[in-house]
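S.K.: Each residue of the sequence shown is one higher than the last, beginning at 1 in full-length UniProt numbering.
Heads up, the beta-carbon is just placed ideally off N, CA and C, and yes, glycines get one too.
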Amino acid sequence: MTISTISDNLSHLKPTAPSQSQGITQEDGRPLAYVMGETEFCGLSFKVSEACLIPRPCSKILVDAAESILLNQDKTSQKRVLDIGTGSGNLLLALMHRMQNIFQVPVEGVGVDISAEALDVARENQTRLNITHASFFECDMSLLDSSQVGMFDVIMCAPPYLDEMTLDAKDKDMLSHEPAVAVHAGDGGLQWYPVLKQVVPKVLHRHGKLVLKVNRGMMDHVKTIMTGWKTVNVLKDDQGYDRCLVLEQI
Numbered sequence: 001m002t003i004s005t006i007s008d009n010l011s012h013l014k015p016t017a018p019s020q021s022q023g024i025t026q027e028d029g030r031p032l033a034y035v036m037g038e039t040e041f042c043g044l045s046f047k048v049s050e051a052c053l054i055p056r057p058c059s060k061i062l063v064d065a066a067e068s069i070l071l072n073q074d075k076t077s078q079k080r081v082l083d084i085g086t087g088s089g090n091l092l093l094a095l096m097h098r099m100q101n102i103f104q105v106p107v108e109g110v111g112v113d114i115s116a117e118a119l120d121v122a123r124e125n126q127t128r129l130n131i132t133h134a135s136f137f138e139c140d141m142s143l144l145d146s147s148q149v150g151m152f153d154v155i156m157c158a159p160p161y162l163d164e165m166t167l168d169a170k171d172k173d174m175l176s177h178e179p180a181v182a183v184h185a186g187d188g189g190l191q192w193y194p195v196l197k198q199v200v201p202k203v204l205h206r207h208g209k210l211v212l213k214v215n216r217g218m219m220d221h222v223k224t225i226m227t228g229w230k231t232v233n234v235l236k237d238d239q240g241y242d243r244c245l246v247l248e249q250i
């Protein structure tokens with residue numbers, strides 16, 4: 001991982017001047033989102049706490065990709081969307097907010113996370129945004145099964161992908177306030193992609209779409225891991241980097 005890659009992932013935390021209005025506070029380095037208890041994502045206000053990752057602006061690309069997939073499907077039958085590692089629920093709820101009143105049968109959303117505390121935050125955000133057709137369940141992603149959550153047409157996941165071994169002391173300090181389980185991954189940041197390759201077929205309809213967030217410079221590595229899946233699209237972030245991989249189960 002390059003220094004520029006790390007900077008991109010921490011940009012929402014870094015101040016441009018020593019002011020509390022910036023990404024971190026002067027007192028203890030806590031991200032402003034945690035101090036305020038909320039942050040904006042996709043134009044919506046989300047509650048956050050130190051139980052969940054602070055939504056990254058670059059994750060909006062996953063919502064855009066999932067929205068495009070759904071809008072190109074039959075709107076007379078119900079579609080189901082799963083968000084793996086939902087955290088604050090920002091990806092799922094932002095998508096559900098966009099999908100309101102578009103389908104004759106409302107889109108159903110499900111978010112799963114290993115953290116019960118993060119799921120409490122997600123449920124609060126669901127109430128704040130008045131999203132009715134969503135539910136959240138505690139589950140280890142490596143144990144996902146259709147008997148727990150059913151089958152889905154679209155699955156989104158922004159897995160942990162930062163390799164702690166490549167971070168310098170300053171970066172580690174800034175990330176120390178966020179839950180490590182939501183930030184760090186072994187195998188050079190690729191730890192969770194093989195897991196997803198194994199479990200997603202258990203809960204994704206044939207020809208369903210998997211929407212993955214990928215760290216800068218790691219797209220080819222993730223594609224190699226996901227050999228056997230059809231690449232539908234690769235989307236760039238606002239800075240022109242390949243950050244979102246859309247795959248189809250074949």
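Can you give the Cα-Cα distance for Gln22 and Glu40, rounded to whole angstroms?
M.R.: Here residue 22 refers to the residue found at position 22 when the sequence shown is read from its first residue. Here residue 40 refers to the residue found at position 40 when the sequence shown is read from its first residue. Any reading at Gln22 needs caution, since the residue's pLDDT is 34, under 50, leaving its predicted position unreliable; the model's value is listed next. The straight-line gap from Cα to Cα measures roughly 14 Å.
S.K.: Looking only at C-alpha atoms, which of Trp229, Thr224, Ser115, Gly217 sits nearest to Gln239?
M.R.: Stepping through the sequence shown from its first residue, residue 239 is reached at position 239. Ranking Trp229, Thr224, Ser115, Gly217 by Cα distance to Gln239 puts Gly217 first.
S.K.: Where do the N-terminal and C-terminal ends of the alpha helix (DSSP H) with Thr224 fall, by residue?
M.R.: Indexing the sequence shown from 1 puts residue 224 at position 224. Where Thr224 is concerned, the enclosing alpha helix (DSSP H) stretches over 219 to 225.
S.K.: Just to confirm before moving on: does the CB-CB distance between Ile155 and Leu190 stay below 8 Å?
M.R.: Residue 155 sits at position 155 when you count from the first residue of the sequence shown. Residue 190 sits at position 190 when you count from the first residue of the sequence shown. No, the pair does not count as a contact, with Cβ atoms beyond the cut-off.
S.K.: Assess, as a yes-or-no matter, whether the region 136 to 147 is touched by the region 61 to 73 under the definition of 3 or more beta carbon pairs within less than 8 Å.
M.R.: no
S.K.: What is the DSSP secondary structure of Asn233, counted as helix, strand or coil?
M.R.: Counting from one through the sequence shown, the residue named residue 233 turns up at place 233. Looking at Asn233 - three-state DSSP - the assignment turns out to be strand.
S.K.: Can you round the beta-carbon distance between Ala33 and Val121 to whole angstroms, since I take them to be within the 8 Å contact cut?
M.R.: Residue mapping note: residue 33 aligns to position 33 of the sequence shown, counting from 1. Residue mapping note: residue 121 aligns to position 121 of the sequence shown, counting from 1. 12 Å between Cβ atoms; not a contact.
S.K.: Who are the near neighbours of Ala65 in its chain, counting only those whose CB is closer than 6 Å to its CB and skipping five residues on each side?
M.R.: Locating residue 65 in the sequence shown gives position 65, where the first residue counts as 1. Closer than 6 Å at the Cβ level, and outside the excluded window around Ala65, lie Val211, Leu235, Cys244, Val246.
S.K.: Which partner residues does Asp242 have in the DSSP bridge list?
M.R.: Counting from 1 along the sequence shown, the entry for residue 242 is found at position 242. According to DSSP, which records beta bridges pairwise, Asp242 is partnered with Lys236.
S.K.: Of the residues Pro160, His207, Pro31, Tyr241, which one's Cα is nearest the Cα of Val195?
M.R.: Position 195 of the sequence shown, counting from 1, holds the residue named residue 195. Ranking Pro160, His207, Pro31, Tyr241 by Cα distance to Val195 puts Pro160 first.
S.K.: So for Arg206, helix, strand or coil by DSSP?
M.R.: Reading the sequence shown from its first residue, position 206 is the one you call residue 206. Arg206 carries a strand assignment under DSSP once its states are collapsed to helix, strand and coil.
S.K.: From what residue to what residue does the alpha helix (DSSP H) around Arg98 run?
M.R.: Along the sequence shown, read from residue 1 onward, the residue named residue 98 stands at position 98. Run containing Arg98: 90 to 99, per the alpha helix (DSSP H) assignment.
S.K.: Run through the DSSP bridge pairs and tell me what Ile84 is partnered with.
M.R.: One-based indexing of the sequence shown puts residue 84 at position 84. DSSP lists Val112, Cys157 as the beta-bridge partner residues of Ile84.
S.K.: Note the first and the last residue of the continuous beta strand (DSSP E) segment covering Lys47.
M.R.: Residue numbering aside, residue 47 sits at position 47 when the sequence shown is read from its first letter. Where Lys47 is concerned, the enclosing beta strand (DSSP E) starts and stops at 44 to 47.
S.K.: Report the partner residues of Val211 according to the DSSP bridge assignment.
M.R.: Residue 211 sits at position 211 when you count from the first residue of the sequence shown. The partner list for Val211 (beta bridge, DSSP) reads Met156, Val246.
S.K.: Per DSSP, which residues does Ala134 bridge with? Please list them.
M.R.: What you label residue 134 is simply residue 134 of the sequence shown in a count that begins at 1. Note: Ala134 sits in a beta bridge opposite Gly109.
S.K.: Would a C-beta distance cut-off of 8 Å place Leu62 and Leu91 closer than the cut-off?
M.R.: Mapped onto the sequence shown, residue 62 falls at position 62. Mapped onto the sequence shown, residue 91 falls at position 91. Yes, the Cβ-Cβ distance between Leu62 and Leu91 is below 8 Å.
S.K.: According to the neighbour-count rule (16 or more other Cβ atoms, all chains shown, within 10 Å of its Cβ), is Glu108 buried or exposed?
M.R.: Position 108 of the sequence shown, counted from the first residue, corresponds to residue 108. Buried, since its Cβ has 16 or more Cβ neighbours within 10 Å.
S.K.: Under the three-state reduction of DSSP, which class applies to Pro201: helix, strand or coil?
M.R.: As a first step, residue 201 must be located in the sequence shown, where it is residue number 201. Correct three-state label for Pro201: helix.
S.K.: Here's a check: name, in chain order, each residue in its chain whose Cβ is nearer than 7 Å to the Cβ of Tyr241, leaving out the five neighbours to either side.
M.R.: Here residue 241 refers to the residue found at position 241 when the sequence shown is read from its first residue. Arg216, listed in sequence order.
S.K.: For Ala158, which residues of its own chain have a beta-carbon under 7 Å away from its beta-carbon, when the five flanking residues on both sides are left out?
M.R.: The residue given as residue 158 occupies position 158 in the sequence shown. Excluding positions up to five away in sequence, the list reads Ser59, Leu62, Gly85, Leu91, Lys213.
S.K.: Just checking my contact of Asp140 with Ile102 at CB under 8 Å: how many whole Å lie between their CB atoms?
M.R.: The residue given as residue 140 occupies position 140 in the sequence shown. The residue given as residue 102 occupies position 102 in the sequence shown. In fact, because the Cβ distance is near 32 Å, the residues do not count as touching under 8 Å.
S.K.: How far does the beta strand (DSSP E) with Glu67 in it reach, from first residue to last?
M.R.: Locating residue 67 in the sequence shown gives position 67, where the first residue counts as 1. Not the beta strand (DSSP E): Glu67 falls in the alpha helix (DSSP H), residues 60 to 71.
S.K.: Helix, strand or coil for Pro55, going by three-state DSSP, please let me know.
M.R.: By 1-based counting over the sequence shown, the position of residue 55 is 55. The answer is coil: DSSP assigns Pro55 none of H, G, I, E or B.
S.K.: Apart from the five residues just before and just after Leu82, which ones in its own chain have a Cβ nearer than 6 Å to its Cβ?
M.R.: Within the sequence shown, numbered from 1, the residue matching residue 82 stands at position 82. Excluding sequence neighbours, Leu82 sits near Val110, Phe152, Ile155.
S.K.: Any idea if Arg206 is buried or exposed, counting beta-carbon neighbours within 10 angstroms, 16 or more meaning buried?
M.R.: Here the question's residue 206 lines up with position 206 in the sequence shown. Under this definition Arg206 is an exposed residue.
S.K.: Where do the N-terminal and C-terminal ends of the alpha helix (DSSP H) with Leu32 fall, by residue?
M.R.: The count along the sequence shown starts at 1 and reaches residue 32 at position 32. Residues 32 to 36.
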